[in-house]
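Notes follow the structure.
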Amino acid sequence: MSVENWPYPPIVAHRGGGKLAPENTLAAIDVGAQYGHTMIEFDAKLSDDKQVFLLHDDTLDRTSNGWGVAGDLSWSKLSQLDAGGWYSREYEGEPLALLRDVADRCRQHQMMANIEIKPTTGKEVETGRDVALAARELWQGQTAPLLSSFSYEALEAAMQAAPELPRGLLLDEWHEDWQALTSALGCVSIHLNHKLLDAERTAQLKAAGLHILVYTVNQPARARELLNWGVDAICTDRIDIIGPDFR
């Protein structure tokens with residue numbers, strides 16, 4: 000994908016359903032679709048037996064009834080956990096989601112995807128490679144998923160495994176060498192904490208030919224400001240008030 004070819008919408012539903020559903024679940028994706036969103040962001044990692052599934056943290060404790068490092072467990076054990084009950088009784092019994100099921104749900108809802116590669120600590124290279132290979136296969140016939148990661152090693156491995164998939168480097172702090180980093184990874188975009196941006200920095204990034212995705216913007220006034228500066232995509236938890244038609 001060339002930098003010029005950017006098919007993604009300006010508003011992206013964070014972790015599927017923002018704050019309106021248990022994050023990184025199929026139920027969350029359904030909620031995002033109910034609000035009319037056409038693109039979701041979610042986090043992908045590997046089980047001990049190399050299944051790609053959705054989870055943000057290294058550990059299970061915050062968003063499931065499990066505990067410990069998720070990547071140390073087999074999918075047969077992970078699949079038995081409740082990933083919805085922590086959020087509300089309405090979602091009790093909602094399982095962790097496999098990437099292949101997410102791809103099917105995206106096809107069903109005609110939604111695009113930003114897959115954040117979220118490796119278990121120490122498994123950056125294999126996670127980047129395996130997520131990219133799975134994404135290439137599972138999203139055939141759909142808009143190519145946008146791969147991103149805070150891990151340079153994971154994104155480099157993704158580039159080597161599936162170079163045709165678009166990539167974006169995630170940064171939570173401003174790096175003066177952003178241009179060298181994104182160039183080395185063949186990135187079409189840079190994904191930043193929105194607090195790092197002002198109009199000048201936005202102009203710099205755009206002049207370098209990069210698209211810009213920012214996270215996590217929950218105030219409409221700030222979202223509007225960023226879009227006016229030229230930011231291409233905004234990831235939000237408030238999918239109810241920053242909707243797909245937001246301008």
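Numbering that gives the first Met the number 0 numbers the first residue of the sequence shown as 0 and each following residue consecutively. By construction, the Cβ of each residue, glycine as well, lies at the ideal position given by its N, Cα and C atoms.
Item to check | Element boundaries [alpha helix (DSSP H), containing Ala183] | outcome: On the sequence shown, residue 183 is found 184 positions in, with the first residue counted as 1. Note, Ala183: alpha helix (DSSP H), 177–183.
Item to check | Proximity winner among Glu224, Ala32, Gly167, relative to Pro243 (alpha-carbon distances) | outcome: Sequence index remark: in the sequence shown, residue 243 carries index 244 (1-based). Residue Ala32 is the option with its Cα nearest to Pro243.
Next on the checklist: Using only the alpha-carbon positions, how far apart do Leu180 and His193 sit?
Outcome noted: Counting from one through the sequence shown, the residue named residue 180 turns up at place 181. Counting from one through the sequence shown, the residue named residue 193 turns up at place 194. So the alpha carbons of these two residues sit roughly 19 Å apart.
Next on the checklist: Tell me the residue span of the beta strand (DSSP E) that contains Tyr90.
Outcome noted: As a first step, residue 90 must be located in the sequence shown, where it is residue number 91. Run containing Tyr90: none; DSSP gives neither H nor E here.
Item to check | Residues of its chain near Ser1, where Cβ-Cβ distance is below 7 Å and the 5 sequence neighbours each way are ignored | outcome: Translated into positions along the sequence shown, residue 1 becomes position 2. Bear in mind that the predicted position of Ser1 carries a pLDDT of just 43, short of 50, making it too unreliable to give a figure here.
Item to check | Coil, strand or helix - Asp239 by DSSP | outcome: Locating residue 239 in the sequence shown gives position 240, counting from the first residue. Of the three classes helix, strand and coil, the one that applies to Asp239 here is coil, per DSSP.
Checklist entry - Met158: which of Leu169, Ser150, Gly185 sits nearest, CA to CA? => result Working through the sequence shown from its first residue, we reach residue 158 at position 159. Ranking Leu169, Ser150, Gly185 by Cα distance to Met158 puts Gly185 first.
Next on the checklist: Mapping the DSSP letters down to three states, classify Val101 as helix, strand or coil.
Outcome noted: Taking the sequence shown and counting its residues from 1, one reaches residue 101 at position 102. Correct three-state label for Val101: helix.
Checklist entry - Quick check: the region 50–59 against the region 68–87, are there 3 or more CB pairs under 8 Å? => result yes
Item to check | Range of the contiguous beta strand (DSSP E) that encloses Ala12 | outcome: In the sequence shown, residue 12 corresponds to position 13, counting from 1. Here the beta strand (DSSP E) through Ala12 covers 10–12.
Item to check | Cut-off 6 Å between Cβ atoms - residues of its own chain near Arg99, not counting five sequence neighbours on either side | outcome: Here the question's residue 99 lines up with position 100 in the sequence shown. Only Leu137 meet the Cβ criterion.
Checklist entry - What number of angstroms, rounded off, separates the C-alpha of Gln218 from the C-alpha of Ile238? => result Counting from one through the sequence shown, the residue named residue 218 turns up at place 219. Counting from one through the sequence shown, the residue named residue 238 turns up at place 239. Those two C-alpha atoms are separated by around 11 Å.
Item to check | Cutoff 6 Å; reference Val124; Cβ partners in own chain excluding five residues on either side | outcome: Along the sequence shown, one-based indexing puts residue 124 at 125. Excluding sequence neighbours, Val124 sits near Glu152, Ala156.
Item to check | Identity of the residue in Asp197, Pro9, Arg104, Ala133 nearest Val51 by Cα | outcome: Counting from one through the sequence shown, the residue named residue 51 turns up at place 52. The option with the nearest alpha carbon to Val51 is Ala133.
Item to check | Where Gly257 falls, given that 16 or more other Cβ within 10 Å makes a residue buried | outcome: Since the first residue shown for the chain is 0 and the last is 246, residue 257 is missing from the structure and cannot be characterised.
Checklist entry - Given Ala198, which residues of its chain have a CB within under 6 Å of its CB, disregarding the five upstream and five downstream residues? => result Mapped onto the sequence shown, residue 198 falls at position 199. Once the five neighbours on either side are set aside, the close Cβ partners of Ala198 are Trp228.
Checklist entry - To the nearest angstrom, how far is it from the Cα of Val187 to the Cα of Pro165? => result As a first step, residue 187 must be located in the sequence shown, where it is residue number 188. As a first step, residue 165 must be located in the sequence shown, where it is residue number 166. Approximately 6 Å, taken between the alpha carbons.
Checklist entry - Just checking my contact of Trp173 with Leu195 at CB under 8 Å: how many whole Å lie between their CB atoms? => result Here residue 173 refers to the residue found at position 174 of the sequence shown. Here residue 195 refers to the residue found at position 196 of the sequence shown. Their Cβ separation, rounded to whole angstroms, is 5 Å, which keeps Trp173 and Leu195 in contact under 8 Å.
Next on the checklist: Restricting to Cα atoms, I'd like to know which of Ser75, Pro9, Asn23 is closest to Arg104.
Outcome noted: Locating residue 104 in the sequence shown gives position 105, counting from the first residue. Checked all of Ser75, Pro9, Asn23; the closest Cα to Arg104 is Asn23.
Checklist entry - Should Thr120 be labelled buried (16 or more other beta-carbon atoms within 10 Å of its own) or exposed? => result Translated into the one-based positions of the sequence shown, residue 120 becomes position 121. Exposed, because fewer than 16 other Cβ atoms sit within 10 Å of the Cβ of Thr120.
Checklist entry - Where does the unbroken alpha helix (DSSP H) through Gly31 begin, and where does it stop? => result Looking up residue 31 in the sequence shown gives position 32. That run of the alpha helix (DSSP H) goes 25–33.
Checklist entry - When you compare only the Cα positions, how much space is there between Arg246 and Arg223? => result Residue numbering aside, residue 246 sits at position 247 when the sequence shown is read from its first letter. Residue numbering aside, residue 223 sits at position 224 when the sequence shown is read from its first letter. So the alpha carbons of these two residues sit roughly 6 Å apart.
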